Amino acid sequence: MKKSKLLSLVMLRWPGMVLALTLLCALPLAGTAAQSLIDLDTRADGSRVLNMVIHDKARAVSAFKFIDIEGNYLSLENFRGKTVALHFWATWCIPCRDELPTVDALQNQLGGKNFTFVPLSVDRDGADLVRRYYADHGIEHLPVYVDEGMNAAQAMLVNGIPYTIIINREGLEIARILGDRNWTAPDAIALMRRLIE
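Heads up, the sequence shown is in my numbering, so the first residue is 56 and it goes up one at a time.
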């Protein structure tokens, strides 16, 4: 009789024990993922490759829409399954102008089924201005996307440009980068390659 009571007690508590064990096992993994990204972003001498602000836990991304060259409204759902570098910039922003050719080169090198830059121009004059800018400056591998009314920038709490937000394949934000970077530096390419593997 005592054996059956003990068995009943274990069976009743089993789902709770499984849930607790699952949560306990998941905790170190969250920290490990963030630490792995920090390790990727840190050179042997302690300096940082992209100097990312890396989140301890992946964060949900606010919903927003942006437009493409043809006036279609898109969202990040259109890129689900890819690692996304959501990149806010403008044609009038000098650091953005300096950085954009390296963004274009990295998109050419790594862009595809597993990764893409989503360059959101915050220019008020729309897609035609961005298209002309690309043509005048030899930007050949980036799509034209415009953050109309800066809705995406506001939703994502962007407080300056250039500003890049790294979003994982599940559509969760894992890191932020404020300011311009050289995306074609060998260690930056290696970091991004590892990130999208």
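Idealized CB from N, CA, C, for every residue including glycine. For clarity, every value in this text was computed on a predicted model and none was experimentally measured.
Asked, Found
"Tell me whether PHE121 sits in a helix, a strand or coil according to DSSP, three-state version.", "strand"
"So, do the segment 118 to 135 and the segment 90 to 101 have three or more beta carbon pairs nearer to each other than 8 Å?", "no"
"With a threshold of 16 other CB atoms inside 10 Å of the CB of MET211, please say whether the residue is buried or exposed.", "buried"
"Between which residues of its own chain and ASP235 is the CB-CB distance below 8 Å, once the five residues before and five after are set aside?", "PRO150, CYS151, ASP153, GLU154, PRO217"
"Any beta carbon of chain B sitting closer than 9 Å to that of ALA230?", "Considering every chain present, this structure includes no chain B. It has just one protein chain."
"Could you name the residues that DSSP lists as bridge partners for HIS142?", "PRO174, THR219"
"In terms of DSSP beta bridges, what is TYR31 paired with?", "Here the chain comprises residues numbered 56 to 252, so residue 31 is not present and cannot be evaluated."
"Which partner residues of ARG103 appear in the DSSP bridge assignment?", "THR97"
"Count the other C-beta atoms from every protein chain shown that fall within 10 angstroms of the C-beta of LYS137, then say buried if there are 16 or more, exposed otherwise.", "buried"
"Sorted by chain position, which residues of the same chain lie with C-beta nearer than 7 Å to ILE251's C-beta, five sequence neighbours on each side aside?", "THR138, LEU165, ASN169, PHE170"
"Does DSSP classify ILE251 as helix, strand or coil?", "helix"
"Tell me the DSSP bridge mates of TYR128?", "ILE122"
"So, under 8 Å CB-CB, THR157 and ASN237 are touching, yes? Tell me the CB distance rounded to an integer number of Å.", "5 Å"
"Could you pull the start and end residues of the alpha helix (DSSP H) that ARG186 belongs to?", "181 to 192"
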